[in-house]
Amino acid sequence: DTGVSQNPRHKITKRGQNVTFRCDPISEHNRLYWYRQTLGQGPEFLTYFQNEAQLEKSRLLSDRFSAERPKGSFSTLEIQRTEQGDSAMYLCASGTYEQYFGPGTRLTVT
Amino acid sequence: AQKVTQAQTEISVVEKEDVTLDCVYETRDTTYYLFWYKQPPSGELVFLIRRNSFDEQNEISGRYSWNFQKSTSSFNFTITASQVVDSAVYFCALSEAYQRARQLTFGSGTQLTVLP
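Sequences listed follow chains A and F, in order.
Position one of the first sequence corresponds to residue 1 (my numbering), numbered consecutively onward.
Position one of the second sequence corresponds to residue 111 (my numbering), numbered consecutively onward.
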């Protein structure tokens, strides 16, 4: 069990650019979650996959955000036309009743 | 809608002191789950415990113990004989069984600093 992994760990981008993050969940977990965490706050739910199906999306997930989980394995989260307000830690989690989190991708939009 | 409140923003104790972190939750669901996570300075959230709403038994794991009281909608976390390595942000979270995703709703966290 290698845990949840995320890449890249850090991303600095200029406003208006597109970015993509990757999450590799624990292999036997069919539930996968994306959360966003800003400084001094708890994580906030963005979206949920069961296998390859995206079954739940938060209203926080604007139309500039898109997530996929092809073949029910790894997942990607893409942000188009980044804004400074997108700067945050993006966390991926997988699990059944408990959710196990990856180390996160810290996005800085300049 | 569900809500988790951690009123203690920061707590500072001296090593070997006991410390209790408070968590109060709101939910309309009768079946729900409560969690505690630890986020050390390295940043990765570490799962500590899950309790379901039907099990009000307190739990002890080493120096950690949890007190779940449905009557006051609280799920408090006590660290006995604190150590410097316990310094971290601790999050309480809630998920509701009726939600398909069972996503976690987190409190804002309590920053615990244990001084040597």
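C-beta atoms are modelled at their ideal positions from N, C-alpha and C, and glycine is treated no differently.
Range of the contiguous beta strand (DSSP E) that encloses residue i
i, result
"valine 200 of chain F", "In the sequence as displayed, the identity of residue 200 of chain F is tyrosine instead of valine. 198 to 206 is the span of the beta strand (DSSP E), which, as asked, contains tyrosine 200 of chain F."
"phenylalanine 45 of chain A", "44 to 50"
"alanine 88 of chain A", "88 to 95"
"phenylalanine 65 of chain A", "65 to 68"
"threonine 140 of chain F", "Careful: threonine 140 of chain F lies outside any beta strand (DSSP E) and carries neither H nor E."
"aspartate 24 of chain A", "19 to 24"
"asparagine 7 of chain A", "5 to 7"
"glutamine 99 of chain A", "99 to 101"
Cβ pair residue i, residue j closer than 9 Å
i, j, result
"phenylalanine 187 of chain F", "threonine 223 of chain F", "no"
"phenylalanine 185 of chain F", "tyrosine 147 of chain F", "no"
"lysine 14 of chain A", "threonine 110 of chain A", "yes"
"glycine 102 of chain A", "arginine 31 of chain A", "no"
"proline 226 of chain F", "glutamate 125 of chain F", "yes"
"threonine 204 of chain F", "leucine 144 of chain F", "Note that residue 204 of chain F is leucine in the sequence shown here, rather than threonine. A contact, by the Cβ cut-off of 9 Å."
"glutamine 118 of chain F", "threonine 220 of chain F", "yes"
"glutamine 99 of chain A", "serine 218 of chain F", "no"
"leucine 60 of chain A", "leucine 39 of chain A", "no"
Neighbouring residues, chain F, relative to residue i (Cβ below 8 Å)
i, result
"leucine 55 of chain A", "Arg210 and Ala211"
7 Å Cβ cut-off: residues of chain F touching residue i
i, result
"phenylalanine 65 of chain A", "Simply none; closest approach about 16 Å."
Contacts of residue i in chain A (Cβ-Cβ under 9 Å)
i, result
"phenylalanine 157 of chain F", "Gly95, Glu98, Gln99, Tyr100 and Phe101"
Cross-chain neighbours of residue i in chain A, by beta carbon under 8 Å
i, result
"tyrosine 135 of chain F", "Chain A residues near tyrosine 135 of chain F: none, gap ~13 Å exceeds 8 Å."
- Message: For the segment 8 to 24 of chain A against the segment 60 to 76 of chain A, do three or more pairs of beta-carbon atoms, one drawn from each stretch, fall closer than 8 Å, so that the two count as touching?
- Response: yes
- What residues in the segment 190 to 223 of chain F bring their beta carbon closer than 7 Å to a beta carbon of chain A? Phe201, Arg210, Ala211, Gln213, Leu214, Phe216, Gly217, Ser218 and Gly219
- Item | Residues of the segment 81 to 110 of chain A whose Cβ lies closer than 9 Å to any Cβ of chain F, in chain order | Met89, Leu91, Ala93, Gly95, Tyr97, Glu98, Gln99, Tyr100, Phe101, Gly102, Pro103, Gly104 and Arg106
- Please confirm if the segment 195 to 213 of chain F is in contact with the segment 52 to 67 of chain A, defined as three or more CB-CB distances below 8 Å between the two stretches. yes
- Task: Quick one: which residues of the segment 17 to 44 of chain A get their C-beta closer than 9 Å to a C-beta of chain F? List them in chain order.
- Result: Arg31, Tyr33, Tyr35, Gln37, Gly40, Gln41, Gly42, Pro43 and Glu44
- Query: Mind listing which residues of the segment 163 to 175 of chain F have their C-beta closer than 9 Å to chain A's C-betas, in chain order?
  - Reply: none
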